[in-house]
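Have a look at the structure below, then the notes.
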Amino acid sequence: MLTSPEALLAIFGMALVTLAIKAGGLLLAGRMPQAGFAAAWLKHIPGAVMASLVAPALVTGSAAEVIAAAATALIYALTRNLFAAMAIGVAAVYLARLALAA
Amino acid sequence: MTQATSLPHQFSDQFFAGARACVPVVISVAAYGIVWGVLARGTGLSLLEVMLMSALVFAGSAQFVALDLWTTTPASLPIGPLIVAALIVNLRYLLLTATLRPLYGPGEQLKGALTMAIVSDETWAMTIAEMRKGHGTAAFLLGGGVLAYFCWLATTVIGHTLGSFIDNPARYGLDFAFTATFLALLLGMWKGKADLLPWLTAALAAIVAARLIEGSWYILVGGLVGSFVGAVSDKVRHVD
Numbered sequence: 000m001l002t003s004p005e006a007l008l009a010i011f012g013m014a015l016v017t018l019a020i021k022a023g024g025l026l027l028a029g030r031m032p033q034a035g036f037a038a039a040w041l042k043h044i045p046g047a048v049m050a051s052l053v054a055p056a057l058v059t060g061s062a063a064e065v066i067a068a069a070a071t072a073l074i075y076a077l078t079r080n081l082f083a084a085m086a087i088g089v090a091a092v093y094l095a096r097l098a099l100a101a
Numbered sequence: 000m001t002q003a004t005s006l007p008h009q010f011s012d013q014f015f016a017g018a019r020a021c022v023p024v025v026i027s028v029a030a031y032g033i034v035w036g037v038l039a040r041g042t043g044l045s046l047l048e049v050m051l052m053s054a055l056v057f058a059g060s061a062q063f064v065a066l067d068l069w070t071t072t073p074a075s076l077p078i079g080p081l082i083v084a085a086l087i088v089n090l091r092y093l094l095l096t097a098t099l100r101p102l103y104g105p106g107e108q109l110k111g112a113l114t115m116a117i118v119s120d121e122t123w124a125m126t127i128a129e130m131r132k133g134h135g136t137a138a139f140l141l142g143g144g145v146l147a148y149f150c151w152l153a154t155t156v157i158g159h160t161l162g163s164f165i166d167n168p169a170r171y172g173l174d175f176a177f178t179a180t181f182l183a184l185l186l187g188m189w190k191g192k193a194d195l196l197p198w199l200t201a202a203l204a205a206i207v208a209a210r211l212i213e214g215s216w217y218i219l220v221g222g223l224v225g226s227f228v229g230a231v232s233d234k235v236r237h238v239d
């Protein structure tokens with residue numbers, strides 16, 4: 000089975016709404032005031048979104064995730080190197096899970 | 000943060016700088032791509048369907064949700080719910096791409112709108128971090144985006160092809176690459192005490208939303224609440 004008309008329709012539909020939303024945010028922002036409250040609000044979006052991406056994963060994770068997050072933060076604070084922080088975080092979560100499972 | 004007029008060599012410099020900067024985040028894209036490919040095979044998607052969905056939809060969270068709804072018999076495939084689910088899961092991109100506005104000049108709306116197709120959480124975050132340092136260009140975003148795009152396409156196909164022959168990346172802790180990367184990116188964005196209130200409210204709102212609502216609403220809820228609180232607090236302290 001390669002595919003079906005139904006599957007193609009679903010995939011094209013999903014692609015269309017996804018692009019509409021991604022392009023929509025950029026185009027809407029172009030119509031917003033460049034100063035005042037709207038601009039201040041836009042300015043705070045990146046930090047708020049990143050905090051939202053990270054926070055639930057840390058509180059719902061096990062002790063291994065918390066330990067690894069601390070290691071990631073420490074390495075990033077010391078080195079300012081994103082790759083090093085990510086690699087240490089992954090290694091820490093791997094080792095912590097092994098240690099906690101034992 | 001306005002874009003410098005880009006000469007040809009600056010475009011390729013920025014393009015490759017973006018691709019290089021995105022290598023750490025692309026590792027997390029690859030880990031998720033493999034997992035999704037393996038699951039897609041288990042759900043009954045054909046190789047062609049995997050390639051089409053990864054190439055055209057290119058949105059990890061929406062593709063994971065689609066697997067929950069997918070059926071192997073075409074006649075019972077829930078086309079409407081699949082499209083609505085993609086719309087809902089991707090609503091957070093309204094916030095993400097809105098913040099990329101400074102990358103495009105007044106006459107570049109169409110170019111910008113089309114480029115948004117290759118934006119993902121990961122490359123968005125790297126570009127925003129670069130913009131905060133006073134750099135960041137449309138070419139930088141494109142370089143990271145193209146790398147992430149082909150990486151997602153390749154790893155989902157690999158996952159589907161090899162199926163259960165490959166280990167779950169979570170066994171090696173690679174599922175943590177996303178959280179670790181975004182935590183480091185967040186720390187790198189710290190500008191001072193004014194960030195504390197919006198970040199904490201965003202984190203709290205996201206945690207509560209993740210408990211109460213299924214799916215990825217928590218990103219949208221936390222992003223909206225945190226940024227709104229940040230803007231109100233700026234206004235109260237008269238620093239806007």
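Residue numbers (numbering that gives the first Met the number 0), protein chains in the order written: chain D, 0 to 101; chain V, 0 to 239.
Where a beta carbon is used, it is the ideal one built from N, C-alpha and C, also for glycine.
For clarity, every value in this text was computed on a predicted model and none was experimentally measured.
Discussion item. Distance cutoff 8 Å, beta carbons only. Does Val48(D) sit that close to anything in chain V?
Written reply: It does; some Cβ of chain V falls within 8 Å.
Worksheet item: Under the three-state reduction of DSSP, which class applies to Lys192(V): helix, strand or coil?
Response: Looking at Lys192(V) - three-state DSSP - the assignment turns out to be helix.
Worksheet entry | Proximity test, Cβ basis, 8 Å: Ala100(D) and chain V | False, the Cβ-Cβ gap to chain V never drops below 8 Å.
Worksheet entry | Partner residues on chain V for Val65(D), Cβ-Cβ distance less than 9 Å | What Val65(D) touches in chain V: nothing, since even the nearest Cβ is about 11 Å away.
Item to complete: Could you name the residues of the stretch 168-186 of chain V whose beta carbon sits closer than 7 Å to any beta carbon of chain D, in the order they occur along the chain?
Response: Hits within the stretch, in order: Tyr171, Gly172, Leu173, Phe175, Ala176, Thr178, Ala179, Thr180, Phe181, Leu182, Ala183, Leu184, Leu185 and Leu186.
Worksheet item: Residue range of the alpha helix (DSSP H) that Glu107(V) falls in?
Response: Per DSSP, Glu107(V) belongs to no alpha helix (DSSP H) and is neither H nor E.
Fill in: Helix, strand or coil at Ile117(V) according to DSSP, with G and I counted as helix
In the structure shown, the three-state DSSP call for Ile117(V) is helix.
Worksheet item: The alpha helix (DSSP H) spanning Pro23(V) covers which residue range?
Response: Run containing Pro23(V): Val22 to Thr42, per the alpha helix (DSSP H) assignment.
Practice prompt. Apply the 10 Å Cβ neighbour rule to Gly229(V) and answer buried if 16 or more other Cβ atoms are within range, or exposed otherwise.
Written response: So Gly229(V) ends up on the buried side.
Discussion item. Please list, in chain order, the residues of the stretch 137-157 of chain V that have any C-beta partner in chain D closer than 8 Å.
Written reply: From the stretch 137-157 of chain V, no residue has a Cβ closer than 8 Å to chain D.
Worksheet entry | Closer than 9 Å at the beta carbon, the chain V residues around Ser61(D) | Those within 9 Å of Ser61(D) in chain V number zero; the least Cβ separation is about 11 Å.
Worksheet item: Where do the ends of the alpha helix (DSSP H) carrying Pro32(D) lie?
Response: No alpha helix (DSSP H) holds Pro32(D); DSSP gives it neither H nor E.
Worksheet item: So Trp198(V) and Ala208(V) are in contact, right, with Cβ under 8 Å, and what is the actual spacing, rounded?
Response: Not a contact, Cβ separation roughly 15 Å.
Worksheet item: Contact between the stretch 133-153 of chain V and the stretch 163-181 of chain V: three or more CB pairs below 8 Å?
Response: Judged by Cβ distances under 8 Å, the stretch 133-153 of chain V makes no contact with the stretch 163-181 of chain V, as fewer than three pairs qualify.
Discussion item. So Thr111(D) and Ala85(V) are supposed to be a Cβ contact under 8 Å. How far apart are they, rounded?
Written reply: The structure shown does not extend to residue 111(D), since chain D spans only 0 to 101, so no value can be given for it.
Worksheet item: Going by other Cβ atoms of all chains shown within 10 Å of its Cβ, with 16 needed for buried, is Val89(D) buried or exposed?
Response: Result: buried.
Item to complete: Out of Lys192(V), Phe227(V), Ile206(V) and Ala169(V), state which residue places its alpha-carbon closest to the alpha-carbon of Tyr93(D).
Response: Ranking Lys192(V), Phe227(V), Ile206(V) and Ala169(V) by Cα distance to Tyr93(D) puts Ala169(V) first.
Fill in: Nearest-angstrom Cβ-Cβ length linking Ala176(V) and Met85(D), presumed shorter than 8 Å
With a contact defined as Cβ atoms closer than 8 Å, Ala176(V) and Met85(D) qualify at about 6 Å.
Discussion item. So, does the stretch 28-38 of chain D touch the stretch 67-74 of chain V, judging by three or more C-beta pairs under 8 Å?
Written reply: No, the stretch 28-38 of chain D does not touch the stretch 67-74 of chain V.
Practice prompt. Apply the 10 Å Cβ neighbour rule to Ala9(D) and answer buried if 16 or more other Cβ atoms are within range, or exposed otherwise.
Written response: Ala9(D) comes out buried.
Discussion item. Count Cβ pairs between the stretch 142-152 of chain V and the stretch 101-111 of chain V that sit closer than 8 Å; are there 3 or more?
Written reply: Not touching, per the Cβ criterion.
Fill in: Secondary structure of Thr71(V), DSSP reduced to three states
Coil at Thr71(V), not helix or strand.
Worksheet item: Among Leu57(D), Ala83(D), Thr59(D) and Ala63(D), which residue has its Cα nearest to the Cα of Gly101(D)?
Response: Position check: residue 101(D) holds Ala in this sequence, whereas Gly was assumed. Here the closest residue by C-alpha is Ala63(D).
Worksheet item: Just how far apart, CA to CA, sit Tyr171(V) and Gly104(V)?
Response: So the alpha carbons of these two residues sit roughly 44 Å apart.
Worksheet item: Which bits of chain V does Pro32(D) rub up against, with CB to CB less than 7 Å?
Response: Listed along chain V is no residue with a C-beta nearer than 7 Å to that of Pro32(D); the closest approach is about 11 Å.
Fill in: Coarse secondary structure for Ile218(V), derived from DSSP in three states
Of the three classes helix, strand and coil, the one that applies to Ile218(V) here is helix, per DSSP.
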